């Protein structure tokens, strides 16, 4: 090991220390030394980070870094704040926690031509906290086709050139140099304290010796060979008996490899690299070594690619992520040969809809049509509706349920809403008769209406408004409701045997927005719930929209729709879930709640299936009345809405069961729900323009019986 202090490391000086202050004073008096002070800009950038750093980081003492080879002193943030700011743009491809783990990794690199690119990539990414660099050679002009040095570095040891580049990027990285390189005798000493070994040297005897000693110590060995982007991985840390070079060269005598010239190395190099996999240009070049070219060629871009490959592999090893032994090729030419046009985006068709289609002329068909217009979670339409001249039956269809529909409670609400619509239509036609609700199985209600000759004016007057009822997710204007509007909505719920919890206080509405936003985040991050939520979305013209939610009805702008394309991907949610991140996932809901005039929660006095059917009737009644008052209505079903018991929340989202229970309690508290009550639905009420589209219905969920 050879070191000359200050030849390749920055001298870090603390102005608050008397000895360092004296050194700085001498440097300031030297007219040949330049001082660079952009600390204020660094601190401004540090304060702008999200999340904001703590006071201990913001108040960390700065340092002066003296780079002797540049005759320059630079003022920098202290080590913690410097690293936080410098690596901030790595997040979250590398999380802050992962970055801390990588600080403990020390990488040894033998050979600083390709190895320089490796050291550069590792430093840029913060993929290690320490580097051991070995190369006996000096930088020559012919090296500048692939080594990221400059003409100012000519004649300087290659390891020193690389170490200086590292120090100028991050003076806090610990770098140790071996300017005499590594030979068979010094391999063991070089590997002391090393976690990962990078072999980029030309000496075959050193290559073999490195692997033998790394295998003995249980250290992984990586090698990038620029031709066709070859990356070679030998995980001796997990495979202590693995043969060197994957066994492709068998047992070799190290002594016989020493001192081989370029041409003499070719047969063994071809065994190591697999001659049949070399690019045609490399294979042809090897034939010309010592004839028309001095040695085998390497391109700068391919060398830099090798640095990136090795850095990615080191990250995996350092973070304990999967990385097998073996080799792969990241061939740029192959990828360039495969260039193709990207798929063109599918633009959503314009479809402004202000009113539903006219109901059928036949009276019974009109009643069935009214029932089928009812809302349901995700527009799954979880019912079977059958009618004849004597009456109508609405049965819950469990095959159309979802995970959030715990105990079919959400489907019961949908059945209740359908029943309410049927009662309105029957009353308007003068056919209102007796209604019964019974269970044909646990949580599986059947609602039956026998046609009679009744006409309830309260119901009949709602017929046109019922036909117009629709979901409106547009952002609104939070104009307050007046007392008469609030009273009418409360009466609409009470007439159906429910209680309306109407929240109009702005602070309480904000609290509900935070609760529902966090619930949405959990829904995104729970694999089953995410899969079902994305499965509900329909993208016309590709998808039929007679079930599910037309994405145009989400009322998203172009940026939000583009983001939704990312949120559809389960692997993206898995990554966010692993970090317990994704605070933005509930932003759309929070924004819409904030734009509301009120939040209306329908509460029922029990949690039986009949109670939830009653809740559905009350929900539809409130919805119709609210829309008649000129309000836009959006139903929101938080994940916990139908999870009454702790065990049900555990089944819904095992990872987030406890937060869901807390959110449920918070919502109950802020809306003023009473003991023993269950919540049937949450409605957002706002003053907003009309919706872009209206949800459609499937015809195969209804049938006309033959009398």
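Residue numbers (UniProt numbering): 1 to 707. Note that beta-carbon positions come from the ideal geometry of N, C-alpha and C, so glycine has one too. Since the structure is predicted, the reported quantities are computational estimates derived from the model, not experimental observations.
Integer-rounded CB distance, given that residue j should sit under 8 Å from residue i
i: residue 9; j: residue 134; result: In fact, because the Cβ distance is near 16 Å, the residues do not count as touching under 8 Å.
i: residue 702; j: residue 385; result: 4 Å
i: residue 225; j: residue 173; result: That pair is no contact at about 26 Å.
i: residue 120; j: residue 307; result: 6 Å
i: residue 644; j: residue 447; result: Incorrect: roughly 22 Å between the Cβ atoms, too far for contact.
i: residue 617; j: residue 433; result: Residue 617 to residue 433, Cβ: 16 Å. No contact.
i: residue 514; j: residue 590; result: 7 Å
i: residue 346; j: residue 542; result: 6 Å
i: residue 34; j: residue 95; result: Going by Cβ atoms, the distance from residue 34 to residue 95 rounds to 37 Å, so no, they are not a contact pair.
i: residue 638; j: residue 516; result: 6 Å
i: residue 389; j: residue 364; result: 6 Å
i: residue 222; j: residue 313; result: 5 Å
i: residue 608; j: residue 413; result: Residue 608 to residue 413, Cβ: 13 Å. No contact.
i: residue 418; j: residue 394; result: 5 Å
Endpoints, beta strand (DSSP E) assigned at residue i
i: residue 233; result: 230 to 234
i: residue 634; result: 632 to 636
i: residue 501; result: 499 to 503
i: residue 35; result: 34 to 37
i: residue 126; result: Per DSSP, residue 126 belongs to no beta strand (DSSP E) and is neither H nor E.
i: residue 107; result: 106 to 110
i: residue 396; result: 391 to 396
i: residue 199; result: 196 to 199
i: residue 223; result: 221 to 225
i: residue 12; result: 11 to 13
i: residue 66; result: 63 to 67
Distance CB(residue i)-CB(residue j) smaller than 7 Å
i: residue 403; j: residue 536; result: no
i: residue 279; j: residue 237; result: no
i: residue 158; j: residue 180; result: no
i: residue 303; j: residue 114; result: yes
i: residue 695; j: residue 379; result: yes
i: residue 540; j: residue 349; result: yes
i: residue 661; j: residue 406; result: no
i: residue 146; j: residue 298; result: yes
i: residue 175; j: residue 209; result: no
i: residue 499; j: residue 582; result: no
i: residue 325; j: residue 200; result: no
i: residue 11; j: residue 66; result: yes
i: residue 396; j: residue 329; result: no
i: residue 632; j: residue 686; result: yes
i: residue 217; j: residue 244; result: no
i: residue 698; j: residue 547; result: yes
i: residue 463; j: residue 426; result: no
i: residue 87; j: residue 97; result: no
i: residue 409; j: residue 642; result: yes
i: residue 205; j: residue 154; result: no
i: residue 24; j: residue 85; result: no
N-terminal and C-terminal residue of the alpha helix (DSSP H) that residue i is part of
i: residue 623; result: 609 to 628
i: residue 337; result: 332 to 337
i: residue 254; result: 254 to 257
i: residue 659; result: 657 to 671
i: residue 19; result: 18 to 29
i: residue 528; result: 527 to 536
i: residue 646; result: 646 to 652
i: residue 79; result: 79 to 86
i: residue 55; result: 55 to 58
Status (buried if at least 16 other CB within 10 Å, exposed otherwise) for residue i
i: residue 457; result: exposed
i: residue 593; result: buried
i: residue 578; result: exposed
i: residue 501; result: buried
i: residue 600; result: buried
i: residue 625; result: buried
i: residue 354; result: Interpretation of residue 354 is limited by its pLDDT of 45, a score under 50 that renders its predicted location unreliable; the figure taken from the coordinates is listed afterwards. By the 10 Å Cβ count, residue 354 comes out exposed.
i: residue 361; result: exposed
i: residue 553; result: buried
i: residue 6; result: exposed
i: residue 189; result: exposed
Closer than 6 Å: residue i CB and nearest the ligand NAD heavy atom
i: residue 123; result: You won't find the ligand NAD in this model; it holds no ligand whatsoever.
Subject >> At least three beta-carbon pairs within less than 8 Å, the stretch 101 to 111 to the stretch 192 to 200 >> reply: yes
Original post:
If you pair each beta-carbon of the stretch 643 to 653 with each one of the stretch 478 to 497, do three or more pairs fall below 8 Å?
Top reply: no
**OP:** Kindly confirm or deny that the stretch 496 to 514 and the stretch 582 to 599 touch, where touching means at least three C-beta pairs closer than 8 Å.
**Re:** yes
**OP:** Please confirm if the stretch 72 to 86 is in contact with the stretch 270 to 279, defined as three or more CB-CB distances below 8 Å between the two stretches.
**Re:** no
Original post:
How do the stretch 671 to 684 and the stretch 600 to 611 stand: do at least 3 beta-carbon pairs fall below 8 Å, yes or no?
Top reply: yes
**OP:** Check whether the stretch 437 to 445 touches the stretch 473 to 480, taking contact to mean three or more Cβ pairs, one atom from each stretch, closer than 8 Å.
**Re:** no
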